[in-house]
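Keeping their order, the protein sequence lines are chains A and Z. Take any residue in the first sequence, note its place counting from 1, add 235, and you have its number in this note's numbering. Take any residue in the second sequence, note its place counting from 1, add 411, and you have its number in this note's numbering. All C-beta atoms in this analysis are idealised placements derived from N, C-alpha and C, irrespective of residue type, glycine included. Predicted model, so just to flag it, every value in this text is computed and none were measured. This report concerns only the one structure given below.
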Amino acid sequence: MNTSRIPKRRQERGNIIILACFSFMALSVTLMIAYSFCGVYWLHNRLQASADEIALAGAKKLNDRDRIGQMNNMIARCRQLVHSSREDYDTTKKDYPELASFAEPLLDEARTSATDLEQERKKMNAVIKSEALQAMKDRYADIKGTYAMVLPWLTVGTPVVTTWSLGKFDDVQSNVTEFTQFKELKDQDRTQNYVTTSATGLNLYTAEKNHKLVNTDADLDFNLSSLPPLVGKQISSARNIQPKDFVPVTSGYAPSTAQITIQLKVATGLGVATGSTLIAKGTALTTGAAKQQ
Amino acid sequence: MRFLNTITKIEMVVVSAAVVGLFFTAPSAALAEESAFQTDYTVSLKTETLQKQFQYRGSTLTKVTKASIEYYANSDNQKKPYENVWFNDGQPIGLERLASFGLDKGKSATLVVTHKDQGGVQEEKAAANIILRLTLDAYNNTDSLIAVRVPSQSFSGIVREMLNLRCVDTNPATPFEASKAKLTFTIAGDESNGQIKHLFYM
Chain A
236 MNTSRIPKRR QERGNIIILA CFSFMALSVT LMIAYSFCGV YWLHNRLQAS ADEIALAGAK
296 KLNDRDRIGQ MNNMIARCRQ LVHSSREDYD TTKKDYPELA SFAEPLLDEA RTSATDLEQE
356 RKKMNAVIKS EALQAMKDRY ADIKGTYAMV LPWLTVGTPV VTTWSLGKFD DVQSNVTEFT
416 QFKELKDQDR TQNYVTTSAT GLNLYTAEKN HKLVNTDADL DFNLSSLPPL VGKQISSARN
476 IQPKDFVPVT SGYAPSTAQI TIQLKVATGL GVATGSTLIA KGTALTTGAA KQQ
Chain Z
412 MRFLNTITKI EMVVVSAAVV GLFFTAPSAA LAEESAFQTD YTVSLKTETL QKQFQYRGST
472 LTKVTKASIE YYANSDNQKK PYENVWFNDG QPIGLERLAS FGLDKGKSAT LVVTHKDQGG
532 VQEEKAAANI ILRLTLDAYN NTDSLIAVRV PSQSFSGIVR EMLNLRCVDT NPATPFEASK
592 AKLTFTIAGD ESNGQIKHLF YM
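Right under this line is the structure:
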């Protein structure tokens with residue numbers, strides 16, 4: 236047969252349809268893969284935002300109503316009270332021994348206050364830890380139900396929090412500025428490394444340290460926890476921070492940061508089923524100390 | 412120094428006895444009160460009840476009051492801060508010394524108590540405790556706290572709290588010698604209505 240007589244256009248028309256079909260199929264697959272990747276990317280961002288939100292809910296509860304700030308300040312003041320009362324008693328006993336029985340009860344009540352305050356501090360620590368963890372769990376409960384979905388190109392599970400942690404911001408001291416009016420106490424504080432100069436130039440009592448008096452009253456405890464101080468009139472607001480700045484809090488001290496790790500299973504289900512677990516870590520710092528009354 | 416201290420102690424006893432004597436023998440109690448309060452210094456004690464303190468479940472620090480103490484020489488009225496003391500239900504829990512006790516040695520002072528708001532039992536407890544502490548501070552500085560002037564509405568409350576803090580009242584039924592008291596406190600109301608009480612630490 237002589238094909239040269241068949242019009243050339245009729246031969247090419249059949250090839251275009253087949254080509255178009257293959258192109259359309261390839262484009263569809265590409266689009267679905269792109270949707271999957273975008274979806275995973277979007278989910279990861281959303282998971283990180285949720286982690287930050289949960290951690291922040293816990294962190295805000297820690298120094299709620301400035302309870303850590305107030306406790307730190309009162310403990311430092313109680314220390315001064317004991318020192319002052321001891322000084323008065325010693326002076327009275329030496330110079331006016333007939334009045335020692337008058338001064339002694341004033342010293343005793345200062346010492347009793349120190350013991351009582353330490354008990355209150357421990358009680359408060361237990362309460363704030365419990366409340367912060369509960370706040371995080373409540374926020375997680377609100378969020379977790381909004382994730383699960385099944386789409387042709389993406390299957391999303393329910394996020395699961397794998398770790399709940401309370402700690403402190405690395406290298407942040409207590410919120411209490413050094414008291415300097417009692418010279419002997421001031422010298423003792425410097426010798427014992429009870430005072431640290433912060434990056435903002437404030438001389439703050441060192442956090443997570445028992446600022447024991449170095450004398451007859453060394454049996455008393457004066458523990459101060461870490462908390463961002465008031466700088467001028469600026470209160471440090473509760474906020475999300477880098478996970479690297481989170482360090483575990485020493486046992487017995489109040490935490491000032493909250494951290495969670497959250498995981499989410501996703502699967503694309505294209506061709507050979509592929510799945511992965513997204514992980515996000517949220518970390519937040521509590522509100523700093525307010526102006527003390 | 413001990414000789415000077417001894418003289419000061421004798422002076423204090425004499426002054427205290429004189430004050431008590433004036434109260435019992437002077438034709439006008441107001442005249443006695445007025446002369447007793449002419450001192451070199453005035454120490455000002457202001458109490459206030461603090462709100463929103465230590466708010467956590469199970470807190471026992473719920474009755475926090477603050478006492479702010481200043482002083483000034485009656486010759487110049489320039490107020491100088493001394494210290495702040497915090498109380499919970501009348502028990503001192505914290506102190507912040509602002510400056511040294513700058514009264515010249517061997518001088519006399521009147522303590523004037525005021526309340527920032529209405530006063531009340533907690534502030535009366537705080538005031539009574541501070542009266543004792545300041546008396547000791549003054550004593551150790553060889554000064555004498557001659558009298559304490561308190562708001563009239565708090566007069567009986569402060570006297571009651573001082574009696575709870577180991578002070579004693581005069582008891583006309585039994586023989587009493589004021590000169591045997593180690594410390595004497597003269598508490599007066601801030602209105603000229605005859606509110607005056609002498610308490611003693613024996």
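Considering only C-alpha positions, which residue in the set the options is nearest to residue i?
i: Val391 of chain A; options: A:Phe272, A:Leu278 and A:Ala519; result: A:Leu278
i: Thr426 of chain A; options: A:Gly467, A:Leu448 and A:Tyr324; result: A:Leu448
i: Asp500 of chain Z; options: A:Pro340, A:Phe404, A:Glu344 and A:Gln305; result: A:Glu344
i: Thr476 of chain Z; options: Z:Asp528, Z:Glu602 and Z:Thr595; result: Z:Asp528
i: Lys608 of chain Z; options: Z:Phe596, Z:Arg508 and Z:Trp497; result: Z:Phe596
i: Gly517 of chain Z; options: Z:Thr458, Z:Thr460 and Z:Asp554; result: Z:Asp554
i: Leu543 of chain Z; options: Z:Gln464, Z:Gln606 and Z:Met573; result: Z:Met573
i: Ser461 of chain A; options: A:Ser271, A:Val411, A:Val362 and A:Ala292; result: A:Val411
i: Val482 of chain A; options: A:Leu291, A:Val264 and A:Val407; result: A:Val407
i: Ala453 of chain A; options: A:Lys479, A:Thr415, A:Ala442 and A:Arg346; result: A:Arg346
i: Ser472 of chain A; options: A:Ala269, A:Ala292 and A:Leu389; result: A:Ala292
i: Gly436 of chain A; options: A:Gly467, A:Val396 and A:Arg312; result: A:Gly467
i: Leu455 of chain A; options: A:Phe404, A:Tyr270, A:Asp287 and A:Leu316; result: A:Leu316
i: Pro503 of chain Z; options: A:Tyr331, A:Asp325, A:Ser319 and A:Glu333; result: A:Ser319
i: Gly402 of chain A; options: A:Ala311, A:Gly304, A:Ala525 and A:Lys479; result: A:Lys479
i: Thr398 of chain A; options: A:Cys273, A:Val501, A:Met371 and A:Phe417; result: A:Met371
i: Leu456 of chain Z; options: Z:Ile480, Z:Phe465, Z:Thr521 and Z:Thr450; result: Z:Ile480
Between residue i and residue j, is the Cβ-Cβ spacing less than 8 angstroms?
i: Tyr452 of chain Z; j: Ala478 of chain Z; result: no
i: Ile476 of chain A; j: Ile289 of chain A; result: no
i: Thr460 of chain Z; j: Glu355 of chain A; result: no
i: Ile363 of chain A; j: Tyr493 of chain Z; result: no
i: Glu366 of chain A; j: Lys295 of chain A; result: no
i: Gly505 of chain Z; j: Lys358 of chain A; result: no
i: Leu342 of chain A; j: Arg321 of chain A; result: yes
i: Thr327 of chain A; j: Ala338 of chain A; result: yes
i: Pro394 of chain A; j: Leu266 of chain A; result: no
i: Leu610 of chain Z; j: Val570 of chain Z; result: yes
Taking buried to mean at least 16 other C-beta atoms within 10 Å of its own C-beta, is residue i buried or exposed?
i: Pro387 of chain A; result: exposed
i: Gly510 of chain A; result: exposed
i: Leu594 of chain Z; result: buried
i: Leu254 of chain A; result: exposed
i: Thr521 of chain A; result: buried
i: Tyr482 of chain Z; result: buried
i: Ile251 of chain A; result: exposed
i: Phe257 of chain A; result: exposed
i: Glu602 of chain Z; result: exposed
i: Ser348 of chain A; result: buried
i: Asn445 of chain A; result: exposed
i: Gly513 of chain Z; result: exposed
i: Tyr550 of chain Z; result: buried
i: Thr518 of chain A; result: buried
i: Gly605 of chain Z; result: exposed
i: Ala515 of chain A; result: buried
i: Thr419 of chain A; result: In the sequence under discussion, the amino acid at residue 419 of chain A is Glu, which differs from the Thr named in the question. Glu419 of chain A should be labelled exposed.
i: Ser511 of chain Z; result: exposed
i: Ser285 of chain A; result: buried
Going by DSSP, what residues sit across from residue i in a beta bridge?
i: Tyr493 of chain Z; result: Tyr493 of chain Z pairs with nothing; no bridge assigned.
i: Leu522 of chain Z; result: Z:Val454 and Z:Val559
i: Ile607 of chain Z; result: Z:Ala599
i: Phe481 of chain A; result: A:Phe404
i: Leu499 of chain A; result: A:Leu513
i: Pro464 of chain A; result: Partner(s): none; Pro464 of chain A has no beta bridge.
i: Arg508 of chain Z; result: Z:Glu494
i: Thr398 of chain A; result: A:Thr496
i: Tyr482 of chain Z; result: Z:Val454 and Z:Lys491
i: Asp580 of chain Z; result: Z:Leu610
i: Leu389 of chain A; result: A:Leu386
i: Gly292 of chain A; result: Note on residue identity: the sequence assigns Ala, not Gly, to residue 292 of chain A. Answer is none; Ala292 of chain A lacks a bridge partner.
i: Gln502 of chain Z; result: Z:Asn499
i: Asn308 of chain A; result: BP columns for Asn308 of chain A are empty, so no partner.
Going along chain Z in order, which residues have a C-beta closer than 7 angstroms to the C-beta of residue i?
i: Leu532 of chain A; result: The displayed coordinates of chain A run from 236 to 528. Any statement about residue 532 of chain A would go beyond what the structure contains.
i: Lys358 of chain A; result: Gly469
i: Thr381 of chain A; result: By Cβ distance, chain Z contributes nothing, its closest Cβ being about 31 angstroms from Thr381 of chain A, past 7 angstroms.
Taking C-beta pairs closer than 9 angstroms, name the residues in chain Z that residue i reaches, listed in chain order.
i: Glu344 of chain A; result: Gln502, Pro503 and Asn540
i: Gln423 of chain A; result: Those do not exist, as Gln423 of chain A stays about 15 angstroms from chain Z at its closest Cβ, beyond 9 angstroms.
Could you tell me which chain Z residues have their CB closer than 8 angstroms to the CB of residue i, listed as they occur along the chain?
i: Ile363 of chain A; result: Tyr467
i: Phe337 of chain A; result: Leu543, Leu547, Arg577, Lys593, Leu594 and Tyr612
i: Phe417 of chain A; result: Arg508
i: Asp323 of chain A; result: Arg544, Leu547, Asp548 and Asn551
Find the residues of chain A that neighbour residue i, judging by a C-beta separation of less than 7 angstroms, and give them in chain order.
i: Lys463 of chain Z; result: Arg300
i: Lys477 of chain Z; result: Gln528
Mind listing the chain A neighbours of residue i? Cutoff is C-beta to C-beta under 9 angstroms, in chain order.
i: Tyr482 of chain Z; result: The premise fails here: Tyr482 of chain Z is roughly 15 angstroms from chain A at the closest Cβ pair, so nothing lies under 9 angstroms.
Should residue i be counted as a contact of the ligand NAD given a C-beta to heavy atom distance under 7 angstroms?
i: Ile607 of chain Z; result: The ligand NAD is absent from the structure shown, which contains no ligand whatsoever.
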